[in-house]
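Data block below; observations after.
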Ligand SMILES: O=C(O)CCC(=O)C(=O)O
Ligand SMILES: [Fe+2]
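In the working numbering, the protein residues as written are -5 to 511.
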């Protein structure tokens, strides 16, 4: 059981600084250790040289006189004893000060699990091949970094634990290819492996689980070819042959998880390369100068992405100073994001892998300004809105498809209950690759751009949930993603966005939809 306060390193980039500092500390200590080691080697080399010189001298002498003999015997007895003691004495690792290291927080198994899941989801969403990822080719872009065989094997093992055999096989084959690429390997890399035999043996295991018996046996044979004397592999191979003989066709296979569900959660158009529906193509931009008097002086560039549901982009809504202030003040407070589960409890879920922190609207100068600007740009009453939530996603970070509302339609009009009428998402950085906000029902994919706000109504004008507002925070491929969300309550906006029969009557509203023409 992991404590609640564990930093979950893979779920954002903000704790990466801690990890880098820790690595820096450890490396410096290790450096101190190697200095001591080389000092020792230097002393030994000096001793060898001394002894060789003495030895040569002694060999040249015709006969051993008393002094010579005495000194030689003393040398053989005492000096070698001294050397033995010196050689036996370990070069103390106290430099590393393990106790201190233990106190620092090291990534744990759970962090590797998070990181592996992030790659799995990213791969599934963008349809990437394992071997491409291993070679640094990510969704059409070639990067100058690769994954080592050991990383590919770790991915393979992670997927095997989830019975995802097909993709596990792909990763192990990528590991074998990475091995063949013969990137320069240090002694340490060779020491920790994996050997090619280990990779083939794992391949054999996966293929057996897939009931691809012929190929499983072949993989084991390849493993034995690379390590003919490995008793464990040999025994496993023998067991497998025996198992095959007794394998009944009715024996159940450990089935792979259902990918159709996965496609719902991680929609295939996060890349933004899917065709937009025809009726969404004739949309337009306007300068909004109508939802607040101040906008007559400084209109807001507003781009309509969809009329029904109403989805828009508001441009240039954050200044660089405001963005920097929000990001820097959230850094020390940000924690793994929580969501509400079916039992109405908060939990750190698998389908939302980010870190976040709440800020009141008047938390600082920047949040005050953003609140005011958002009120003007939307024509809605910010007194009836939730605090800001600052969110950071790390690599592979996602928020799987969901709705932002929390009530069922029949509960929405019960007195006292408040729901999220609109969502506003401020993008606080340009994400180098991936990380779009995507609406699977509309095929709209919005890539983060600093200072832009994405806004939509979750409820249509009759107050019911608009099912096409389902949306996804797509996996980040490269870099990290900073967003700030603010949800606007339905309660309190009755005069600005009253109930209407149709969104086509929007001209009667005082809120932002009145820009629809
Ligand atoms: O990060 C995104 O793009 C979406 C975030 C989101 O949907 C949410 O916070 O509810
Ligand atoms: Fe959302």
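Note that CB positions come from ideal geometry on N, CA and C, so glycine has one too.
Self-check item: residue 355 - DSSP class collapsed to helix/strand/coil
Solution: Taking the first residue of the chain shown as position 1, residue 355 is located at position 361. The answer is coil: DSSP assigns residue 355 none of H, G, I, E or B.
Quiz item: In this structure, does DSSP put residue 14 in helix, strand or coil?
Solution: Sequence index remark: in the chain shown, residue 14 carries index 20 (1-based). Three-state DSSP puts residue 14 in a helix.
Exercise. Using alpha carbons as the reference points, say which of 460, 324, 422 lies closest to residue 313.
Key: Your numbering for residue 313 matches position 319 in the chain shown. It is 422 whose Cα lies nearest to the Cα of residue 313.
Quiz prompt | Spatial neighbours of residue 483 in its chain, beta-carbon cut-off 8 angstroms, leaving aside the 5 residues before and after | solution = On the chain shown, position 489 is the one that residue 483 refers to. Counting only Cβ-Cβ distances below 8 angstroms, and skipping sequence neighbours, we find 378, 379, 380, 412, 413, 414, 415.
Exercise. Flag this pair as yes or no: are the beta carbons of residue 225 and residue 438 separated by less than 8 angstroms?
Key: The sequence position of residue 225 within the chain shown is 231, counting from 1. The sequence position of residue 438 within the chain shown is 444, counting from 1. No, the Cβ-Cβ distance between residue 225 and residue 438 is not below 8 angstroms.
Quiz item: Under a three-way DSSP split, which group does residue 157 fall into?
Solution: Within the chain shown, residue 157 is the residue found at index 163, counting from 1. Three-state result, residue 157: coil.
Exercise. Identify every run of the beta strand (DSSP E) within the segment 334 to 385, keeping only runs that are complete inside it and at least 3 residues long; order them along the chain.
Key: 349 to 353
Quiz item: What three-state label does DSSP hand residue 395 in the structure shown?
Solution: Within the chain shown, the letter at position 401 stands for residue 395. Three-state result, residue 395: strand.
Quiz item: Is residue 465 near ligand 2, with its Cβ less than 7 angstroms from a heavy atom?
Solution: As a working mapping, residue 465 is identified with position 471 in the chain shown. For ligand 2, at least one heavy atom lies less than 7 angstroms from the Cβ of residue 465.
Quiz item: If we call anything under 8 angstroms between Cβ atoms a contact, is residue 392 one with residue 468?
Solution: Translated into the one-based positions of the chain shown, residue 392 becomes position 398. Translated into the one-based positions of the chain shown, residue 468 becomes position 474. Contact flag set, yes.
Exercise. Could you name the residues of the same chain whose beta carbon sits closer than 6 angstroms to that of residue 109, not counting the 5 residues immediately before and after it, in chain order?
Key: Position 115 of the chain shown, counted from the first residue, corresponds to residue 109. These residues qualify, in order along the chain: 4.
Practice problem: Taking the CB atoms as reference points, tell me whether residue 370 and residue 288 lie closer together than 8 angstroms. | Solution: Here the question's residue 370 lines up with position 376 in the chain shown. Here the question's residue 288 lines up with position 294 in the chain shown. Yes, these two residues count as a Cβ contact at 8 angstroms.
Quiz item: Do the segment 449 to 466 and the segment 337 to 351 make contact, defined as three or more Cβ pairs closer than 8 angstroms?
Solution: no
Quiz prompt | Meets three-Cβ-pair contact criterion under 8 angstroms: the segment 388 to 403 and the segment 494 to 505 | solution = no
Quiz item: Do you know offhand how far residue 54's Cα is from residue 219's?
Solution: Along the chain shown, one-based indexing puts residue 54 at 60. Along the chain shown, one-based indexing puts residue 219 at 225. Near 55 angstroms, if we compare the C-alpha coordinates of residue 219 and residue 54.
Exercise. Please find out if some non-hydrogen atom of ligand 1 comes closer than 7 angstroms to the beta-carbon of residue 385.
Key: Locating residue 385 in the chain shown gives position 391, where the first residue counts as 1. Yes, the Cβ of residue 385 comes within 7 angstroms of a heavy atom of ligand 1.
Practice problem: Measure the Cβ-Cβ separation of residue 387 and residue 264 and say whether it is below 8 angstroms. | Solution: As a position in the chain shown, residue 387 is number 393, starting the count at 1. As a position in the chain shown, residue 264 is number 270, starting the count at 1. Contact: no.
Quiz prompt | residue 3: CB within 7 angstroms of a non-hydrogen atom of ligand 2 | solution = Numbered from its first residue, the chain shown carries residue 3 at position 9. Residue 3: no, Cβ never under 7 angstroms from ligand 2.
Practice problem: Could you spell out the range, first to last residue, of the beta strand (DSSP E) harbouring residue 199? | Solution: As a working mapping, residue 199 is identified with position 205 in the chain shown. Not the beta strand (DSSP E): residue 199 falls in the alpha helix (DSSP H), residues 190 to 203.
Quiz item: In terms of DSSP beta bridges, what is residue 435 paired with?
Solution: Mapped onto the chain shown, residue 435 falls at position 441. In DSSP, residue 435 forms no bridge with anything.
Quiz item: To which residues of the same chain is residue 376 closer than 6 angstroms at the C-beta, ignoring the five residues directly before and after it?
Solution: As a working note, residue 376 is residue 382 in the chain shown. For residue 376, where only same-chain residues beyond five positions count, the Cβ hits under 6 angstroms are 365, 369.
Exercise. Could you pull out every residue in the same chain whose Cβ sits closer than 6 angstroms to the Cβ of residue 101, ignoring the five residues on either side in sequence?
Key: By 1-based counting over the chain shown, the position of residue 101 is 107. So the list reads 3, once near-sequence residues are dropped.
Quiz item: In three-state DSSP terms, what is residue 497?
Solution: On the chain shown, position 503 is the one that residue 497 refers to. In the structure shown, residue 497 sits in a helix (DSSP, three-state: H, G or I).
Self-check item: residue 447 vs residue 420 beta-carbon contact at 8 angstroms
Solution: Sequence index remark: in the chain shown, residue 447 carries index 453 (1-based). Sequence index remark: in the chain shown, residue 420 carries index 426 (1-based). Cβ distance < 8 angstroms, so residue 447 and residue 420 count as in contact.
Quiz item: Would you report the Cα separation of residue 286 and residue 373, rounded to the nearest angstrom?
Solution: Mapped onto the chain shown, residue 286 falls at position 292. Mapped onto the chain shown, residue 373 falls at position 379. Going from the Cα of residue 286 to the Cα of residue 373 covers about 7 angstroms.
Practice problem: Please work out which residues of its chain come closer than 8 angstroms, Cβ to Cβ, to residue 395, disregarding the five sequence neighbours upstream and downstream, and give them in chain order. | Solution: As a working mapping, residue 395 is identified with position 401 in the chain shown. The answer, listed in chain order, is 258, 259, 260, 261, 434, 464, 465, 466.
Quiz prompt | Residue nearest to residue 228 in terms of C-alpha spacing, selected from 244, 241, 211 | solution = Position 234 of the chain shown, counted from the start, is the residue given in the question as residue 228. Nearest of 244, 241, 211 to residue 228, Cα basis: 211.
Quiz item: Between which two residues does the beta strand (DSSP E) harbouring residue 455 extend?
Solution: Against the chain shown, residue 455 aligns to sequence position 461. Neither: residue 455 is in no beta strand (DSSP E) and is coded neither H nor E.
Practice problem: Kindly indicate which three-state DSSP category residue 286 falls into: helix, strand or coil? | Solution: Locating residue 286 in the chain shown gives position 292, counting from the first residue. Coil.
Practice problem: Quick one: give me the first and last residue of the beta strand (DSSP E) that residue 305 is part of. | Solution: For this step, residue 305 is matched to residue 311 along the chain shown. Segment 305 to 308, the beta strand (DSSP E) holding residue 305.
Exercise. Report buried or exposed for residue 44, applying the criterion of at least 16 other Cβ atoms within 10 angstroms of its Cβ.
Key: Residue mapping note: residue 44 aligns to position 50 of the chain shown, counting from 1. By the 10 Å Cβ count, residue 44 comes out exposed.
Quiz item: What residue ranges within the segment 214 to 258 form continuous alpha helix (DSSP H) runs of no fewer than 4 residues, ordered along the chain?
Solution: 225 to 240
Self-check item: C-alpha gap between residue 151 and residue 343, whole angstroms
Solution: Position 157 of the chain shown, counting from 1, holds the residue named residue 151. Position 349 of the chain shown, counting from 1, holds the residue named residue 343. Straight-line Cα distance between these residues: approximately 22 angstroms.
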